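Structure first, commentary second.
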């Protein structure tokens, strides 16, 4: 079955880069996503990458996709205290009207001032 | 434009009680989804509706029923609540895609925090 795995916790200092990793199992995934969840809030879409891309950059965010190894990473440059949150990796399966997302367990990013 | 709204925000139930969680979207999307979030387990799909009048089971449908009342509303019902259903429930609707109009990405409501005693 489909499975998405992430490490549970990452601690970095303000100004450093953060790298959050994710592995997935479904090779037919067309899109892979990163969501951010702040305490007590819902999930906010950060960025996504199409499966035929290797990299996508969006301001401080860089997404790297290694489709061969089914490995996805999110790099946050110049990490700020406001980046402290839980980050979820997700893969889409099905597609079209029946698209479903399979989420990882989430990585708690703690940014130390 | 509120996006996806959910009510209530918080709820405490006793075992065996029933309740309905409401979700509405004002984006005129066809698809809507219900997830539950538990510590250390990420989000798991309960039910989804690809279009008005259709519903399908997700990964963890047991103990729940859903109704797609119209295009705008998708409700989740617990007929006889159990402590194992203590969780945070999120409703989602596709986010406008930018790649050929594809709408795979999902926009989430603020969540309903449910405790079953």
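Chains as they are written, first to last, in this note's numbering: chain A, 1 to 113; chain B, 1001 to 1117.
Ideal Cβ positions, reconstructed from N, Cα and C, are used throughout, including at glycine.
In this text, all values refer to a predicted model and were calculated from it rather than measured experimentally.
- Taking 9 Å as the CB threshold, residue 1090 of chain B lines the interface with chain A.
- The alpha-carbon separation between residue 25 of chain A and residue 1088 of chain B amounts to approximately 26 Å.
- Inclusion of residue 1003 of chain B and residue 1032 of chain B in the CB contact set at 9 Å is not warranted, their separation being larger than that value.
- Residue 1053 of chain B is outside the set of residues whose beta carbon lies under 9 Å from a beta carbon in chain A.
- Residue A:49 holds the alpha-carbon nearest to the alpha-carbon of residue 66 of chain A among A:59, A:49, A:38.
- Among the CB atoms of chain A, one or more fall inside 9 Å of the CB of residue 1110 of chain B.
- With a threshold of 9 Å between beta carbons, residue 1106 of chain B makes contact with chain A.
- Membership of residue 1065 of chain B in the beta strand (DSSP E) is indicated by the continuous run 1065-1067.
- According to the DSSP assignment, residue 1038 of chain B belongs to the beta strand (DSSP E) that extends over 1032-1038.
- Contact note: residue 1041 of chain B reaches chain A through 105, using a C-beta cutoff of 8 Å and chain order.
- With respect to the 9 Å criterion, residue 74 of chain A and residue 19 of chain A are classified as neighbours on the basis of their beta carbons.
- Of all alpha-carbon atoms in B:1044, B:1080, B:1049, the one lying nearest the alpha-carbon of residue 1117 of chain B is that of B:1080.
- Three or more Cβ pairs drawn from the segment 1010-1027 of chain B and the segment 1067-1082 of chain B lie within less than 8 Å of each other, which places the two stretches in contact.
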